[in-house]
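> From first to last, the protein sequence lines stand for chains U and X.
Take 357 as the starting number for the first sequence in the numbering used here and just add one per residue.
Take -8 as the starting number for the second sequence in the numbering used here and just add one per residue.
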Amino acid sequence: MRHRLAVVGTVALGLLAIMALAAPVLAPQSPTAIDPTTFQGRPSPAHLLGTDSVGRDVLSRLIYAARVSLSVGILAVTMYVVIGTSVGAVAGYYGGTVDLALSRIMDIMLSFPPLIIILFAVSVFGRPSLWNVIIVLGLLGWPAVARLVRGQVLALRQQEFVQAARAIGASDPAVVMRHLLPNAMAPVLVAATFGTANAILVEAALSFLGMGVQPPTPSWGNMLTDAQSLTVLEQMPWLTVGGLG
Amino acid sequence: MKGLRARLAGAIAAVLIVGLLLPGGALGGPKSEFVAVAGMWSPPNNFNPINTDSSYGFYCVRFMFMGMVEARVENNQTKFFPALASRWEVGADNQTYTFTIHPRAAWHDGKPVTAEDVLFTLMTISDPRTETNRGAQIASIAGLDARGKRAAGAQLGFRILEPRKFEIKTTTPVDPTMFLEMFGANVYILPKHVLGDVPPDQLARHLFFHNPTVGNGPYKFVQYKTDQFVEFVLNESYHLGAPNVRRVFVRIIPPTTMLAQIERGDLDVSAGFGIGEVMIEDWDRVKGMGHVRAVSFSAPGYQYMLFNFQRPYLQDKRVRRAFAHAINRSLIVNQLLKGEGELAEGPIPPANPYFNKKVRPWPFDTARARALLTEAGWDFNRTIILRVPTGNIIRERSADIIRENLIAAGVKVEIQKADFPTNMAAVRAGNYDLGLMGWAGPTDPDVSSQYRTGGQYNLSHHSIASLDQVLDEGVKTADPAKRRAVYDRFQEVFADELPTITLYYPNARTAVTKRMVNVLFDASGLFDFQTYRWVAGTQ
Chain U
357 MRHRLAVVGT VALGLLAIMA LAAPVLAPQS PTAIDPTTFQ GRPSPAHLLG TDSVGRDVLS
417 RLIYAARVSL SVGILAVTMY VVIGTSVGAV AGYYGGTVDL ALSRIMDIML SFPPLIIILF
477 AVSVFGRPSL WNVIIVLGLL GWPAVARLVR GQVLALRQQE FVQAARAIGA SDPAVVMRHL
537 LPNAMAPVLV AATFGTANAI LVEAALSFLG MGVQPPTPSW GNMLTDAQSL TVLEQMPWLT
597 VGGLG
Chain X
-8 MKGLRARLAG AIAAVLIVGL LLPGGALGGP KSEFVAVAGM WSPPNNFNPI NTDSSYGFYC
52 VRFMFMGMVE ARVENNQTKF FPALASRWEV GADNQTYTFT IHPRAAWHDG KPVTAEDVLF
112 TLMTISDPRT ETNRGAQIAS IAGLDARGKR AAGAQLGFRI LEPRKFEIKT TTPVDPTMFL
172 EMFGANVYIL PKHVLGDVPP DQLARHLFFH NPTVGNGPYK FVQYKTDQFV EFVLNESYHL
232 GAPNVRRVFV RIIPPTTMLA QIERGDLDVS AGFGIGEVMI EDWDRVKGMG HVRAVSFSAP
292 GYQYMLFNFQ RPYLQDKRVR RAFAHAINRS LIVNQLLKGE GELAEGPIPP ANPYFNKKVR
352 PWPFDTARAR ALLTEAGWDF NRTIILRVPT GNIIRERSAD IIRENLIAAG VKVEIQKADF
412 PTNMAAVRAG NYDLGLMGWA GPTDPDVSSQ YRTGGQYNLS HHSIASLDQV LDEGVKTADP
472 AKRRAVYDRF QEVFADELPT ITLYYPNART AVTKRMVNVL FDASGLFDFQ TYRWVAGTQ
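So this is what it looks like as structure tokens:
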């Protein structure tokens, strides 16, 4: 209870997770079912948040979209945290030429604007899809984590308890796994939390541009593509709720 | 600190100077009766009159290049008007056509347009090494094959009578309306004195088609700022009289910002059907603007769904009819297009003189669709792929409706979207089950290139003998009344066989500021908006 903000964040995330898991129960309708009588319909008792450009229930799509966004966030971040931690630990622990080579690779990857690379990678991967977005984000996100871990490991390596472990003959993997990583994890967890939020935003951006999750699967980003016209922005605010997600 | 400030001042000055040098009208609002600004969605790929690979290119080419005649549909009949030719005669045999070029018709560099230029253009198009999409337009000329190419040693049916007079012979007698539209209106003449020495296989990459300074039309090319705008200036010595609007800018504007540009008065004309329209959501708002006329009319283009005939399970016509019953096409027109469209079962548009009113679209009937599928032995566990090109927002949305409709009839469908070229490559390779596509053709009802066995645009890869037979008869029938009867029958056969499903004919929607007068609204000659007739006011 000491960190009020943290509690608020946890509760919000928990609610979101429950929403994603219980989507079939919570959603009033199927997210792909078309109501032939109202396209871009105003919010009404039948459709609490109105209908989208092809007559689908916006509320149901919003709820189902949470699944997409959370799975992208969690899976992509898990993937790059694993890669980043391994690379960072190796670079930090061995130092020298290994560190130099790995660090330059990280520098190169960090020097490109991420969204452009992601767009490029998605189009090279073939057709855009949920899995491609996850894989691309997972494969491109690791250098930031690797840097964090490398820095931590560099510092920890000099500490007495690590020196001691090495002196009694512990193997390299044992030192890294048992002594270094557990102590380097705190900043990584923070980075992963922010990374999840960021991955959700990148997914939304990609889907908005048509390179991410493909319709009819709803995602907060591709729901927003409906809201590109001035008329929609000014007179049909229910079509912009994807952006609130 | 001082250095930085000086540099900043320098930069600002540079921006101001560049701003002053940019032509007025290109960026700001149109200010005078001398300047008009049109907007289209995508940039032209080139300005090649015999190979513009997109309607965007055509829109620009039509400012600068003319054919022999201009075609317009009036009172349900195609009529022809002078362009480069001042007179033309049709021989009694319906096989000999004589054209006289206007005595003052000239290239933009002052050289006269002659029969030699026409011969050069035809020889270039019919050369097998030339990259061109005009082949089908000249295929009826003697000495050429069905794709408009010259076999080795073949003699082209062309004779120069006088420097400005020539005669063309067709292989067989043809309907003069068809010949005049295809050769007369759709073949733009190239300057022999500029391109005569270019080898045909290098022509498509020639710099002239990015900087076409020698045209023969009412406007001259000034410049193209890549992906920004194309600028034209009037041709004062145009033989049919100089246009009223002195300078025209064709700007490239994405669909989502078109409305704002029109509202602010930065744009005079949206280029129109399929290449520059405001989004359908914004249409009502455009109608409410005091300074704009919002015009919609039936257009010659349609959206359709391909069946891949290489798949054995799509070869049964009961299956294809079941799909036609399953898709709620009136929902697409009424809701997605907000009523701005029409339905028809076939590739001849409802607004076309050859349209057969008796052929009705198969009605929306999910139960009937399911029954037909069962009868044809459809495997209800099979998942088929619907390929959708991105870009056309309405078409992308219609895919979601089609998928839901087909699922309701028991057919499992997966949508695969890709950009237009990628999608086209997949369709050409036969790597699909169903595909969405758009088409807009000339007024003449010959659609062999799409629907005959082996046609250049037969994307369904189908071969239907009854369809081939009636299409061949249509091309060879010279008598207009008999020809009409042939195409009435063609539309019946088409609706029965359904090589493709015609989804809808969207209306063309154009927004024009009220200061513009004489803007042509019906696109009867395809993408031939006769922009040289524009008159701009100062309102």
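All C-beta atoms, glycine included, are put in the ideal place defined by N, C-alpha and C.
For residue 268/X, decide whether its Cβ has a neighbour in chain U, counting only Cβ atoms nearer than 8 Å.
Cβ-Cβ to chain U under 8 Å: no for residue 268/X.
> State buried or exposed for residue 408/X, treating a residue as buried only when at least 16 other CB atoms are found within 10 Å of its CB.
The residue is buried, with at least 16 neighbouring Cβ atoms inside 10 Å.
> To which residues of the same chain is residue 383/X closer than 7 Å at the C-beta, ignoring the five residues directly before and after it?
The answer, listed in chain order, is 429.
> Tell me where the beta strand (DSSP E) around residue 63/X begins and ends.
Note, residue 63/X: beta strand (DSSP E), 60 to 65.
> Are any of the Cβ atoms in chain U nearer than 8 Å to that of residue 531/X?
Residue 531/X lies beyond the stretch modelled for chain X, which goes from -8 to 530, so this question has no answer here.
> Using DSSP with H/G/I as helix, E/B as strand and the rest coil, what is residue 430/X?
Residue 430/X: strand per DSSP, three-state reduction.
> Closer than 8 Å by beta-carbon distance: list the chain U residues that pair up with residue 327/X, in chain order.
Those within 8 Å of residue 327/X in chain U are 395, 409 and 410.
> Please return the same chain residues whose Cβ sits closer than 8 Å to the Cβ of residue 270/X, not counting the five positions on each side in sequence.
If we look at residue 270/X and ignore the five residues flanking it on each side, its Cβ neighbours are 246, 247, 249, 250 and 384.
> Does DSSP put residue 215/X in a helix, a strand or coil?
Residue state, collapsed to three classes: strand.
> Chain U partners of residue 394/X, CB-CB under 7 Å?
Result: 572.
> Using a Cβ-Cβ cut-off of 8 Å (strictly less than) and excluding sequence neighbours within five positions of residue 84/X, which residues of its own chain qualify?
Closer than 8 Å at Cβ, skipping near neighbours: 164.
> Could you work out which residue in 92/X, 240/X and 398/X is closest to residue 157/X when comparing CA atoms only?
If we check each option's Cα against that of residue 157/X, 92/X comes out closest.
> Identify the contact partners of residue 247/X in chain U, using a Cβ-Cβ distance below 7 Å as the criterion.
Those within 7 Å of residue 247/X in chain U are 584 and 585.
> When you compare the CB positions of residue 489/X and residue 308/X, do they come within less than 8 Å of one another, or not?
In this structure, residue 308/X lies closer than 8 Å to residue 489/X by Cβ.
> With DSSP as the reference, identify every bridge partner of residue 79/X, one or two as the case may be.
Per DSSP, 90/X.
> Hey, out of 122/X, 26/X, 277/X and 106/X, whose CA is closest to residue 152/X's CA?
Selected option, being the one with the closest Cα: 106/X.
> Using 10 angstroms around the beta-carbon of residue 506/U, count the other beta-carbons present and answer buried if the total reaches 16, otherwise exposed.
Flag for residue 506/U reads buried.
> Per DSSP, what are the beta-bridge partners of residue 280/X in this structure?
DSSP output for residue 280/X lists no bridge partner at all.
> On the criterion of 16 or more Cβ atoms from any shown chain inside 10 Å, does residue 259/X qualify as buried, or is it exposed?
By the 10 Å Cβ count, residue 259/X comes out buried.
> Comparing the CB of residue 443/X with every heavy atom of the ligand GDP, is any distance shorter than 7 Å?
Absence of the ligand GDP from the depicted structure is noted, as is the absence of any ligand whatsoever, leaving it without description.
> In whole angstroms, what is the alpha-carbon distance linking residue 193/X and residue 361/X?
Distance between the alpha carbons of residue 193/X and residue 361/X: 54 Å.
> List, in order along the chain, the chain U residues whose C-beta lies closer than 8 Å to that of residue 319/X?
Chain U residues near residue 319/X: 392.
> Using beta carbons (cut-off 8 Å, strictly below), is residue 388/X in contact with chain U?
Closer than 8 Å: yes.
> What are the boundary residues of the alpha helix (DSSP H) that includes residue 370/U?
It spans 360 to 377 - the alpha helix (DSSP H) in which residue 370/U sits, taken as one unbroken run.
> Tell me, to the nearest whole angstrom, how far the beta carbon of residue 386/X is from that of residue 482/X; I am working on the premise that it is less than 8 Å.
Not really, about 24 Å apart at Cβ, beyond 8 Å.
> For the segment 505 to 512 of chain X and the segment 203 to 223 of chain X, state whether three or more C-beta atom pairs, one from each stretch, are separated by less than 8 Å.
Taking 8 Å as the limit for Cβ pairs, the verdict is that the segment 203 to 223 of chain X does not touch the segment 505 to 512 of chain X.
> Report the partner residues of residue 73/X according to the DSSP bridge assignment.
According to DSSP, which records beta bridges pairwise, residue 73/X is partnered with 60/X.
> Could you tell me which residues DSSP pairs with residue 403/X in its beta bridges?
DSSP, once it has assigned bridges, lists 374/X as partnering residue 403/X.
> Distance, Cα to Cα, residue 19/X vs residue 242/X?
Here the model assigns residue 19/X a pLDDT of 49, short of 50, so the residue's position is not dependable and the matter cannot be decided.
> Quick one: residues in its chain with C-beta nearer than 6 Å to the C-beta of residue 520/X, no 5 flanking neighbours on either side, listed in chain order?
Counting only Cβ-Cβ distances below 6 Å, and skipping sequence neighbours, we find 511.
> Examine chain U for any beta-carbon lying closer than 8 Å to the beta-carbon of residue 501/X, and answer yes or no.
Chain U contact via Cβ: absent.
> Can a CB atom of chain X be found closer than 8 Å to the CB of residue 406/U?
Not an interface residue.
> Distance, Cα to Cα, residue 440/U vs residue 544/U?
If I take the Cα positions, the gap works out to 9 Å.
> Are the segment 562 to 581 of chain U and the segment 469 to 485 of chain U touching, with three or more C-beta to C-beta distances below 8 Å?
A contact exists between the segment 562 to 581 of chain U and the segment 469 to 485 of chain U.
> How is the alpha helix (DSSP H) around residue 328/X delimited, first residue to last?
Premise fails: residue 328/X is in no alpha helix (DSSP H) and is neither H nor E.
> What are the residues of the segment 364 to 382 of chain X that lie near chain U, defined by any Cβ-Cβ distance shorter than 7 Å?
For the segment 364 to 382 of chain X, which is checked against every Cβ of chain U, the residues closer than 7 Å are 381.
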